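A.B. asks:
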Amino acid sequence: MMNKKEARTLIKERRMNLSKEYIDVASDKIFEKLLQNEDFKNVKTVMSYMDFKNEVKTDRINTFIKNSGKILVLPKVVDKETMIVIEDKNQYIVSPFGNKEPDGEEYKGSIDVIITPGVAFDRDKNRVGFGRGYYDRFFVKQPNAKKIAIAFEKQIIDEGIETDKYDKKVDILITEDEIIK
């Protein structure tokens, strides 16, 4: 078992060493697997994210969602505790963390699928994020949403990750090599 801090440090370092080519090829494979997923195919509202610092690329995913007539909502951090979602209408700002975020009014409807980023995962679908708990708190507000994590195979920790009572597992984990349900 690896604690969250160790997992975060190890995987962040591993991820920063990935080549642009690897990220592009693996992101395309993950996109193709996501498109085949039954939980993703027939839904109306999808929350995704805008990739940052060697995360799985989401441009193709987000464009596909919008072009297929689904509603795409994206996260925006509003304070130390709270993340909201905003419908993507191609208006963006740069957040204090340096990543792009949507600009607009909060989306209040229900969400069918949450495409979930993370720093590290294990084979039991436990997730380690950046340590602020935004996604874990958000999952509680959308209890019926299917949580589909996308990650590179190199982000999986085989020996497992320690969790606490606030940590929420994802329902499905998609990497370039496999789908863990």
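Each residue of the sequence shown is one higher than the last, beginning at 1 in full-length UniProt numbering. Note that CB positions come from ideal geometry on N, CA and C, so glycine has one too. Computed from a predicted model, the values in this text were never measured in an experiment.
1) For G131, count the other beta carbons within 10 Å of its own beta carbon; 16 or more makes it buried, fewer makes it exposed. Which is it?
2) State the beta-bridge partners of R132 as determined by DSSP.
3) Can you have a look at S19 and say buried or exposed, based on whether 16 or more other CB atoms are within 10 angstroms of its CB?
4) Roughly how many angstroms separate the alpha carbons of V128 and K165, rounded to a whole number?
5) Identify the continuous beta strand (DSSP E) that holds M1 and give its terminal residues.
6) Look at the alpha carbon of I179 and the alpha carbon of E55, and state the distance between them as a whole number of angstroms.
7) Report the three-state DSSP secondary structure of T63 (helix, strand or coil).
8) Among residues of its own chain, excluding the 5 on either side of K147, which ones have a beta-carbon nearer than 6 Å to its beta-carbon?
C.D. replies: In terms of the structure at hand:
1) Along the sequence shown, one-based indexing puts residue 131 at 131. With fewer than 16 other Cβ atoms within 10 Å, it is exposed.
2) Along the sequence shown, one-based indexing puts residue 132 at 132. BP columns for R132 are empty, so no partner.
3) For the purposes of this step, residue 19 is taken as the residue at position 19 of the sequence shown. Per the 10 Å Cβ criterion, exposed.
4) Counting from one through the sequence shown, the residue named residue 128 turns up at place 128. Counting from one through the sequence shown, the residue named residue 165 turns up at place 165. Each residue's Cα considered, the two are about 13 Å apart.
5) Counted from its first residue, the sequence shown places residue 1 at position 1. Element bounds for M1: n/a, residue is neither H nor E.
6) Sequence index remark: in the sequence shown, residue 179 carries index 179 (1-based). Sequence index remark: in the sequence shown, residue 55 carries index 55 (1-based). If you take the alpha carbons of I179 and E55, they lie about 18 Å apart.
7) If you number the sequence shown from 1, residue 63 lands on position 63. If DSSP states are grouped into helix, strand and coil, T63 belongs with the helices.
8) Sequence index remark: in the sequence shown, residue 147 carries index 147 (1-based). Once the five neighbours on either side are set aside, the close Cβ partners of K147 are I114, T116, V170, D171.
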